[in-house]
Each structure stands twice: as C-alpha cells, then as structure tokens.
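Written out below as structure tokens is the structure these notes cover.
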Amino acid sequence: MKKQASRLAMLALALTLLFGLLAACSGGANEPESGADGANGTDTESAGGAAEEPMDITWLSFNPPTTDDTPVQQYLEEKYNIRITNIRIDRASWNDQLNPKLAAQEIPDVFFMWSDRDINNYARQGLLREIPLDSIREAMPQYAADVDDIDPMLWSSGQVDGKNYALPQYFFSGSLPFVPAYNGKWLKAIGRDEAPKTLEEFEDVIRQFTTEDPDGNGRDDTYGISSNFKDGSTNAFNEVFAAFGIQPFMWIENEAGELEYGLVTEQARQAFKKLHAWMEAGWIDPEYITSDTAKHRNDFVNGKYGVFSNMYYVANPVNGAVGKPFTEKDPANEIVMGPVLQNIDGSPGAGYSWGVKNNFIGLGIGVDDAKAAKLLEIFNDLYSDEETYLKTVYGFEGESYDMVDGVPQLYPEYTDPVQRGAQLGAGSYYGLFGSKAIGMAKYDSTKEDIAFRDKYTEGQPAISNKVTFNLPSGVDYPDLSKIQVEYFVKLVSGEVNTGSGFDDFVALWKRSGGEVLTEEANEIYASLKAQAN
Amino acid sequence: MHSIMTRGERLFQIAAIGFLTVLSAVMLYPFVHMIAVSLDTPVHAIRPGLHLYPLEPTLEAYRQAFRYDGIYYGFTNTIFRTVVGTLLALCIMTMGAYPLSRKYLPHRYPLMMVIVFTMFFSGGLIPSYLLVKSLGLYDSVWVYIIPSLVNTFSFIILRNFFITIPVELEESAKLDGANDIRILYSLVVPLSKPILATVALWTAVYHWNAWFDGLIYIQDQKKIVLQILLRRLVVENLDQELQMAMQQANTQYVVPETMKAAVLMISTLPILIVYPFLQKYFVKGIIVGSLKG
Numbered sequence: 001m002k003k004q005a006s007r008l009a010m011l012a013l014a015l016t017l018l019f020g021l022l023a024a025c026s027g028g029a030n031e032p033e034s035g036a037d038g039a040n041g042t043d044t045e046s047a048g049g050a051a052e053e054p055m056d057i058t059w060l061s062f063n064p065p066t067t068d069d070t071p072v073q074q075y076l077e078e079k080y081n082i083r084i085t086n087i088r089i090d091r092a093s094w095n096d097q098l099n100p101k102l103a104a105q106e107i108p109d110v111f112f113m114w115s116d117r118d119i120n121n122y123a124r125q126g127l128l129r130e131i132p133l134d135s136i137r138e139a140m141p142q143y144a145a146d147v148d149d150i151d152p153m154l155w156s157s158g159q160v161d162g163k164n165y166a167l168p169q170y171f172f173s174g175s176l177p178f179v180p181a182y183n184g185k186w187l188k189a190i191g192r193d194e195a196p197k198t199l200e201e202f203e204d205v206i207r208q209f210t211t212e213d214p215d216g217n218g219r220d221d222t223y224g225i226s227s228n229f230k231d232g233s234t235n236a237f238n239e240v241f242a243a244f245g246i247q248p249f250m251w252i253e254n255e256a257g258e259l260e261y262g263l264v265t266e267q268a269r270q271a272f273k274k275l276h277a278w279m280e281a282g283w284i285d286p287e288y289i290t291s292d293t294a295k296h297r298n299d300f301v302n303g304k305y306g307v308f309s310n311m312y313y314v315a316n317p318v319n320g321a322v323g324k325p326f327t328e329k330d331p332a333n334e335i336v337m338g339p340v341l342q343n344i345d346g347s348p349g350a351g352y353s354w355g356v357k358n359n360f361i362g363l364g365i366g367v368d369d370a371k372a373a374k375l376l377e378i379f380n381d382l383y384s385d386e387e388t389y390l391k392t393v394y395g396f397e398g399e400s401y402d403m404v405d406g407v408p409q410l411y412p413e414y415t416d417p418v419q420r421g422a423q424l425g426a427g428s429y430y431g432l433f434g435s436k437a438i439g440m441a442k443y444d445s446t447k448e449d450i451a452f453r454d455k456y457t458e459g460q461p462a463i464s465n466k467v468t469f470n471l472p473s474g475v476d477y478p479d480l481s482k483i484q485v486e487y488f489v490k491l492v493s494g495e496v497n498t499g500s501g502f503d504d505f506v507a508l509w510k511r512s513g514g515e516v517l518t519e520e521a522n523e524i525y526a527s528l529k530a531q532a533n
Numbered sequence: 001m002h003s004i005m006t007r008g009e010r011l012f013q014i015a016a017i018g019f020l021t022v023l024s025a026v027m028l029y030p031f032v033h034m035i036a037v038s039l040d041t042p043v044h045a046i047r048p049g050l051h052l053y054p055l056e057p058t059l060e061a062y063r064q065a066f067r068y069d070g071i072y073y074g075f076t077n078t079i080f081r082t083v084v085g086t087l088l089a090l091c092i093m094t095m096g097a098y099p100l101s102r103k104y105l106p107h108r109y110p111l112m113m114v115i116v117f118t119m120f121f122s123g124g125l126i127p128s129y130l131l132v133k134s135l136g137l138y139d140s141v142w143v144y145i146i147p148s149l150v151n152t153f154s155f156i157i158l159r160n161f162f163i164t165i166p167v168e169l170e171e172s173a174k175l176d177g178a179n180d181i182r183i184l185y186s187l188v189v190p191l192s193k194p195i196l197a198t199v200a201l202w203t204a205v206y207h208w209n210a211w212f213d214g215l216i217y218i219q220d221q222k223k224i225v226l227q228i229l230l231r232r233l234v235v236e237n238l239d240q241e242l243q244m245a246m247q248q249a250n251t252q253y254v255v256p257e258t259m260k261a262a263v264l265m266i267s268t269l270p271i272l273i274v275y276p277f278l279q280k281y282f283v284k285g286i287i288v289g290s291l292k293g
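Note that the protein sequences, when read in sequence, are chains P and F.
full-length UniProt numbering applies: residue 1 is where the first sequence begins, and numbers increase by one.
full-length UniProt numbering applies: residue 1 is where the second sequence begins, and numbers increase by one.
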C-alpha cells in the first residue's frame, strides 16, 4: 500500500517538476539549435531568389504595423518583389526587447538604430554589415549630396574604426535655435508689449512675473522660469545660457578652435552666478529639478511660470504641444515669442539647437551583396522618389489623406503616428526618411507652419553640440554625467558657490574623466575636420 | 452590546478612527483622481490642484480608448491568461505540493531543495528567451501560461498548508477504499479551500498585471495583453534622443491625460471588482499557510 501510494505521488511530483523546470531553470543545451534557426532560413532563401522568387527581408524600425498585410507593406512587396518580415518592438523598451533577439541571432536586415552608441556596440559585436560610402554615393546620389550639403560631419557618426556601418539620418529643423516663448497676458500685465531682447530685460521680466502678480489672482503663486530637468536636463535654462554663448551640456568650440565642455567654462560660471541669484530671489520655480516634460508643459499652460524656451513649433497656437492647450484653455491667452537673448558681449545670441544629427539605418550582418544592393535601391526611392515617399509616410491619397494646397492633410484618425503605422504601415516604419529628406520637406509642413517657423527663427544663430561622433573613452566614465547633473543643481541652489566651489568642481570634473574626454574629443575633431576638407 | 468605555478608551477610539480615515483617504484619493481625470475634458484634466470630480463630465476619453486599436484583443488575451493560467496553475501546484507534504514520500527534502532553488536563481533573460523559442512557445499565447505555471512561493505556502492535514484522516480514507487521487480531490482539496483561494487570487493578480512576457515573447499584435497597451500609452516620456525624433513639426501628437486615465481605469477595474469576493479567504489563507511548516 505504502509503495503504491508513493509511486503515485512520485508521478504527480515528476509532472510538477517538469513544469517547474520550464518555468525557472533554463536549458542551456538547446541554444545552438535555436540560434541557427533564424539566420539560416533567410540566408538560403535569399541566395537562390535572384530571378523571380521574392527576396526575404526582415525589417526593424519604430511604430510598426499591427498586421502583416498593411497596404504600405503590400505596395513595397509588389513594387520591389520582396517579402517583408516585420519585427515589432515597443519604443519604450527598445533594448529590453531587441537584445534577446540579437543574442538569439535574429538580426534584422533593415536595422534602425537610435544613436551612434548603438552602431558602435553592434558593429563591434559583428552584427552589422559594412556599407562602404562609395556604394551609398553610387546608389543614393541625392541623399549623399544632401548629407554633404547639410553637414559632412554626419558621416562620421556612422563609422566605427574607419569603416562605415550606417546611413545617418538628419533632422533639418534641428539646426534651428530654441526661442524663448512668453506668456503674453503676463507681459501685458507688467506693462510690456514685446519680448525682452537682452539679459537685463529678461531679468526684469522674470522678476516682475514673480513679484507683480501677473495673473492678477492676488496670490504670490507665480515664477519667472522653470525647466523639465527630470528628463530634459540638457536644455535646462537654455535661454539663459544662450546669453553667455554656451550651453552647459554641449561641447563647444572656443576662440582658439578647441573643443571645451560647456559646463566647465568661465561663461558657465557667470551664468550660474545669475541663476543662483535668481534662485535666491525666488524667481525660479524650485520644482524645476523634479519636473518632467509633461509637467513642465502643463505648468506653463496653468500659469505657474511665464517663460519657456523650446523649438518654435511647440508654441504654435494651432498645433503646438504647449501653444494649442494654452490657447484652448483660454482664448485670450497668447504666446509672445521673442528673439534669442543677446549675448552679454553685445553680439547676437545663439540659441540652443538639437543639431541635425538624428537616427541611423544599418544593414544586418546576414545581408548579402544582392540584398544590400536591393535595399539601397529601396532606400533611395524612400528618400527621393515622391510617390514612394508619400505612400510610405502618409499612406494613400483619398484613403488616409487629402492633398490640400500641395501638402498631404491626414485624416483625423491617422494623425497619431502610432495609429497610422499600426493600421496602414505608413509613417516611420517603412518610410524611414519621413520628414528627414530635405527634398520632400514641401510635403511635411503646411505653408502656415513654414511661415510661422520663418517668422520666429529666421536669421537667428544657433549653437549645437560639436561632438557628433562617438567618444570611445566615454564608457570608462559612467559616473561623469551624474557628477555634471549633480553640480548643475548645486550651483544653481548655491550649495556649491560660483567662486572656489566652481573651481573645485572643474578640478573634480577633469579628474573624473573630463580631461581624457576633452583630449579625445579634440583629437577626433581635428582629424575629422582635416578629412572633411 | 453595552460596554462602557472610559474616557481614555474613547479618546483612543477617536484617534484610531481619525487616523484610519486619513489613511484610507490617502489610499483612495489616487483612484478618485484617476476617475475624475478620465471623465473630464483634456483642458480641465491638466489643471493643478485636487481632482475630486470632473468639471465637465464627458465619456469622450473612454470612447477614444475603446476605439484604440487592439484594446479588444488586449482584453480577450488578458482574461484568457488570467482564467486559464490560474486554473492550470492551481491544478499543477496542488498535484506537486500535496505529495511533497507527505512524510512517507522518499527524497522529499532534496526534491524540495531543487524547487526552492529556483526561487533564488533564475536563468536570466536571454537564456529564458532561447528556451522559450526552442520550445516553440514564441509568439504563442501559451507563453503566458506555461512558463509561470508554478510559482515557488505559492507552492511552498500550499505545501505548508497540506502538511497540517493529519495523516490519520488519509489513513481512514484509505481504509474506506480511496486511492491517492481520490484522497486528494475528495479530502485534501475541500479542506484547503482558504489557501487555494488565496493562491488563486495571487496568481490571478499576477496574470492580470503581467506584461513583460508579452513584451519579450510576442510579435503578433493580436496576442498582446492589456497591460502592454497601457504601457504604450502611459510610458510616453522617453529620453531626449527619442523625443527629438518624435517632435517633428507635422507629427506632434500627445496622448491626452484623459485617455491615459481612462485606459488605466479600464484595466484596473475588473481585478478590483474580483478582490472583495476573495478577500474573506484571503486573510484566513495567509495566516494558516505561512506560520507552520
């Protein structure tokens, strides 16, 4: 009896253990088999499919289609005789999802990458196919000419150890400066009818915004400026730093033609002196440290503070991320945009700008010569063929958009780029150069938007990060950025003074890797400059 | 029930009630806030201060949320994994925990050690991914259920409860001619209802909230779970580089706060409704299960 009982019990237990094993312990023994699976499958097929058999292509980009039969995918498959396998990855957890796939040797053929850090990583791990510059120039002449024209330094970000691994995308609006935007009602309330032009005027404005109850509610509940420091520390108080000719988190070129990190320059010391004084006086929202972009925007709409500085379109009352809710909240609200503040030395101020550097398109290591040629042909059409561009980015006329005045106007259900991608496949997934091709810019903005842009940004100089390339030693100093952010806050609050405290900080920064990085940046910068000329 | 309280006792009662009221208000407010925001217009939703009720009540956000691509698939899959996953997990864990609770089972300690081991060490993401893939579970809805069938902690709680069932009961059943399976289902399971309810609740809540497996192992957008959708909507603030690519003049689009709140409510309410019905077992189960063993 006992024996039988235990045998039954053992059976039940064995079953459980089996499932338990599935759940927790991993079976490393299976790895090689599964790893070979994906890669081999595509290889053999593409090798034999030169004549009629459609070529298999795995595709990775962002905002993917929900199904595998979207109109845009079908259009591309028919036009180029290819068969696309979509790889879908959520943007918010890109690396979490991508890394296991790469480890399992599932390497996409069309390999969208966010930054040059990725290129560096993946190229060194042997996941990327080399794309010689000559082959790009030959297959995509228009694109190559445009990149040369916009900023030849862009090529450098796609290179690792002298070999080219990616097509750099550029963001042409990125060369435009951030411009300060003021709460127009408040400006009127303090008796001004235009935006300040110099730092002194600006200082007056934020003082009055704080102390003169510009919203007229009888309470002392307003501030001059704030920031989205939590997720946007790199452009915190950019309108103020612009008046000092630097940006703290950018590499800038000094008068001697050498690169310096903005945060440790003399100009930064002067700027922090001002910021600290304003902090003491209570003109800066003390919550600036913990605000993220969403809160920063909402706070402006709600009248907590009165100036922000960002891309011109954010303030657009028709469709801007701040401008629209601000005017919706109260039709009497108005945003007054002013020039970038004049440099304290009297020269025109240069506003913060993203720079034109954007994302990258690479080719997976599994791509053979025939497939590479095919993909470059497709990329060329995506970039410079009007029909292909419009279809892949905006969908089909009469189905997802109407042509109004020569500009596609999307139907309301497709204005959300995620939805457009999900349902039609149109947008950034297949349309890799959507709003990143200068020749197609005429389709990307309405005439009103362009007029708005020119009104506020034309003729205003901009400053952008000079280090658009990868600094190999960067990985050796992971704490440096923490130190930078920490001292930024301390210098503004006054916990570290702008005299000897600032000197100590600069010394600490240099010790913690800053010196090495400065040397490296200058070395690479000089060599790239020599190359470009 | 006429007990006379001294002044001190009464004071204590008032203080306790006051404290607990504040405490529950602190817990309840986030819910109230979300409900209010989800029922308001986008303009009012972002105003500062308390949100106790919508200023301009509208169901627009819910309408929008239900139009959102995939919400039905999300719901179906989440309900599927919660119901099937919980039932199967209970079955398998009971069948495993019961024999391991019997003293006459040979090698029960080494076996238990092997199981407990998995509580502290796991294979890591990439090996798990490779395993799931080679088992053919990749992009299948069963990936939601099979890898998480046995939760070691719940398993131990179950086993500890089973240990408290006296062997004598079993022996008398055997005298009446019952075999082990019969004993398990006619004797042990009915006696263990509180602990089974507790484990069921844990498992169900786990399944309802789980999203990571869906993120890693699922490609087909018809197989995604609700929480993934929620995540896509709510986790919008990405790092600068991503934002920059996003902020193009023509394609600026911000998911309204109201819609985030609506999806949050839609995904939280069902599990919230189940809670009170299982609660009475819940407390009992934890106390009984955890102390002994």
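Built from N, CA and C at the ideal position, the CB exists for glycine as well.
*asked:* With the cut-off set at 8 Å, would you say residue 349 of chain P and residue 182 of chain P are in Cβ contact?
replied: By one-based count along the first sequence, residue 349 of chain P stands at place 349. By one-based count along the first sequence, residue 182 of chain P stands at place 182. Not a contact, by the Cβ cut-off of 8 Å.
*Would you say residue 348 of chain P faces chain F, with C-beta separation under 8 Å as the test?*
Taking the first sequence and counting its residues from 1, one reaches residue 348 of chain P at position 348. With 8 Å as the cut-off, residue 348 of chain P does not count as an interface residue toward chain F.
*Could you say which of F:189, F:132 and F:172 lies nearest to residue 159 of chain F if we only look at CA atoms?*
Within the second sequence, residue 159 of chain F is the residue found at index 159, counting from 1. Nearest C-alpha to residue 159 of chain F: F:189.
*Taking C-beta pairs closer than 9 Å, name the residues in chain P that residue 47 of chain F reaches, listed in chain order.*
Locating residue 47 of chain F in the second sequence gives position 47, counting from the first residue. Simply 298, 301, 302 and 329.
_Please classify residue 188 of chain P as buried or exposed, where buried requires at least 16 other C-beta atoms within 10 Å of its C-beta._
The residue labelled residue 188 of chain P in the question sits at position 188 within the first sequence. Exposed, because fewer than 16 other Cβ atoms sit within 10 Å of the Cβ of residue 188 of chain P.
*Under 9 Å between beta-carbons, which chain P residues line up against residue 70 of chain F? List them in chain order, please.*
Position 70 of the second sequence holds residue 70 of chain F. Ordered by position in chain P, the residues that pass the 9 Å Cβ test against residue 70 of chain F are 66 and 422.
_Just to confirm before moving on: does the CB-CB distance between residue 247 of chain P and residue 254 of chain P stay below 8 Å?_
Start at 1 with the first residue of the first sequence, and residue 247 of chain P comes out as number 247. Start at 1 with the first residue of the first sequence, and residue 254 of chain P comes out as number 254. The answer is no: Cβ separation not under 8 Å.
_For a quick check, are the C-beta atoms of residue 88 of chain P and residue 221 of chain F less than 8 Å apart?_
The residue labelled residue 88 of chain P in the question sits at position 88 within the first sequence. The residue labelled residue 221 of chain F in the question sits at position 221 within the second sequence. Their beta carbons are under 8 Å apart, which means residue 88 of chain P touches residue 221 of chain F by this criterion.
*Of the choices P:165, P:379, P:390 and P:417, whose alpha-carbon is the least far from that of residue 406 of chain P?*
One-based indexing of the first sequence puts residue 406 of chain P at position 406. When only C-alpha atoms are compared, the closest one is P:390.
*Can you give me the Cβ contacts of residue 199 of chain P inside the same chain, cut-off strictly under 8 Å, excluding the 5 residues immediately before and after it?*
Within the first sequence, the letter at position 199 stands for residue 199 of chain P. The residues are 240, 243, 274, 341, 342 and 344.
*asked:* Could you give the first and the last residue of the continuous beta strand (DSSP E) run that contains residue 83 of chain P?
replied: Counting from 1 along the first sequence, the entry for residue 83 of chain P is found at position 83. Where residue 83 of chain P is concerned, the enclosing beta strand (DSSP E) stretches over 82 to 87.
*Once you ignore the five residues that flank residue 265 of chain P on each side, which residues in its own chain have a CB closer than 7 Å to its CB?*
Working through the first sequence from its first residue, we reach residue 265 of chain P at position 265. Excluding residues within five positions, the ones whose Cβ falls inside 7 Å are 246.
*Give the range of the alpha helix (DSSP H) segment to which residue 27 of chain F is assigned.*
Within the second sequence, the letter at position 27 stands for residue 27 of chain F. Residue 27 of chain F -> alpha helix (DSSP H) spans 7 to 38.
*Using the beta-carbon of each residue, which ones in chain F are nearer than 7 Å to residue 97 of chain P?*
Position 97 of the first sequence, counting from 1, holds the residue named residue 97 of chain P. Ordered by position in chain F, the residues that pass the 7 Å Cβ test against residue 97 of chain P are 215 and 216.
*So what does DSSP say about residue 104 of chain F, is it helix, strand or coil?*
Position 104 of the second sequence, counting from 1, holds the residue named residue 104 of chain F. It is coil, neither helix nor strand.
*Can residue 131 of chain P and residue 160 of chain P be called in contact, C-beta distance under 8 Å?*
To locate residue 131 of chain P, count along the first sequence from 1; it is residue 131. To locate residue 160 of chain P, count along the first sequence from 1; it is residue 160. In this structure, residue 160 of chain P does not lie closer than 8 Å to residue 131 of chain P by Cβ.
*Where residue 435 of chain P and residue 429 of chain P are concerned, what is the direct C-alpha to C-alpha distance, given to the nearest angstrom?*
In the first sequence, residue 435 of chain P corresponds to position 435, counting from 1. In the first sequence, residue 429 of chain P corresponds to position 429, counting from 1. Roughly 13 Å separates the two Cα atoms.
*What residue ranges within the segment 196 to 273 of chain P form continuous beta strand (DSSP E) runs of no fewer than 3 residues, ordered along the chain?*
223 to 225, 251 to 253 and 259 to 261
*Would you decide whether residue 113 of chain F is buried or exposed? Buried here means 16 or more other CB atoms lie within 10 Å of its CB.*
Taking the first residue of the second sequence as 1, we reach residue 113 of chain F at position 113. Its Cβ having fewer than 16 others within 10 Å, residue 113 of chain F is exposed.
*Buried versus exposed, by CB contacts within 10 Å (16 or more), residue 369 of chain P*: Here residue 369 of chain P refers to the residue found at position 369 of the first sequence. Exposed, because fewer than 16 other Cβ atoms sit within 10 Å of the Cβ of residue 369 of chain P.
*Answer with yes or no whether the minimum CB distance from residue 247 of chain F to chain P is below 8 Å.*
Within the second sequence, the letter at position 247 stands for residue 247 of chain F. Here residue 247 of chain F scores only 43 on pLDDT, less than 50, and its place in the model should not be relied on; the value that follows carries that caveat. Yes, residue 247 of chain F counts as interfacial toward chain P.
_Run through the DSSP bridge pairs and tell me what residue 462 of chain P is partnered with._
To locate residue 462 of chain P, count along the first sequence from 1; it is residue 462. P:351.
_Residue span of the beta strand (DSSP E) that contains residue 181 of chain P, given as start and end_ = For the purposes of this step, residue 181 of chain P is taken as residue 181 along the first sequence, with counting starting at 1. Here the beta strand (DSSP E) through residue 181 of chain P covers 179 to 183.
_Let me confirm a value: residue 116 of chain F is counted as buried when at least 16 other C-beta atoms fall within 10 Å, else exposed. Which label applies?_
Walking along the second sequence from the start, residue 116 of chain F turns up at place 116. When all chains shown are included, residue 116 of chain F counts as exposed.
*asked:* Tell me the DSSP secondary structure of residue 206 of chain F in three-state form.
replied: Stepping through the second sequence from its first residue, residue 206 of chain F is reached at position 206. Three-state result, residue 206 of chain F: helix.
*Determine the contact status of residue 404 of chain P and residue 151 of chain P, defining contact as a CB-CB distance below 8 Å.*
To locate residue 404 of chain P, count along the first sequence from 1; it is residue 404. To locate residue 151 of chain P, count along the first sequence from 1; it is residue 151. No, these two residues do not count as a Cβ contact at 8 Å.
*Please report how far the alpha carbon of residue 93 of chain F lies from the alpha carbon of residue 167 of chain F, in whole angstroms.*
The sequence position of residue 93 of chain F within the second sequence is 93, counting from 1. The sequence position of residue 167 of chain F within the second sequence is 167, counting from 1. Cα to Cα, residue 93 of chain F sits roughly 20 Å from residue 167 of chain F.
*Quick one: which residues of the segment 124 to 139 of chain F get their C-beta closer than 8 Å to a C-beta of chain P? List them in chain order.*
124, 125, 126, 127, 128, 129, 130, 131, 133, 134 and 135
*Have a look at the DSSP bridge pairing and note the partners of residue 113 of chain P.*
Here residue 113 of chain P refers to the residue found at position 113 of the first sequence. P:360.
*Could you list which residues in chain F have their beta carbon closer than 7 Å to that of residue 93 of chain P, in chain order?*
Taking the first residue of the first sequence as position 1, residue 93 of chain P is located at position 93. By Cβ distance, chain F contributes 215.
*Which residues mark the beginning and the end of the alpha helix (DSSP H) in which residue 421 of chain P is found?*
By 1-based counting over the first sequence, the position of residue 421 of chain P is 421. Unbroken alpha helix (DSSP H) run through residue 421 of chain P: 417 to 424.
*Through-space distance from residue 192 of chain F to residue 392 of chain P, alpha-carbon basis*: As a working note, residue 392 of chain P is residue 392 in the first sequence. As a working note, residue 192 of chain F is residue 192 in the second sequence. Going by the C-alpha atoms only, they are around 60 Å apart.
*asked:* Against chain P, with Cβ distances strictly below 8 Å, would residue 232 of chain F count as a contact?
replied: Translated into the one-based positions of the second sequence, residue 232 of chain F becomes position 232. True, the Cβ-Cβ gap to chain P drops below 8 Å.
*If you measure beta-carbon to beta-carbon, which residues of the segment 461 to 480 of chain P are closer than 8 Å to chain F?*
none
*Can you give me the start and stop residues for the alpha helix (DSSP H) that residue 150 of chain P sits inside?*
Taking the first residue of the first sequence as 1, we reach residue 150 of chain P at position 150. Note, residue 150 of chain P: alpha helix (DSSP H), 141 to 150.
*Just the chain F side, please: which residues come within less than 9 Å of residue 426 of chain P by C-beta, in chain order?*
Within the first sequence, the letter at position 426 stands for residue 426 of chain P. Here the premise fails: no neighbours, minimum Cβ distance about 11 Å.
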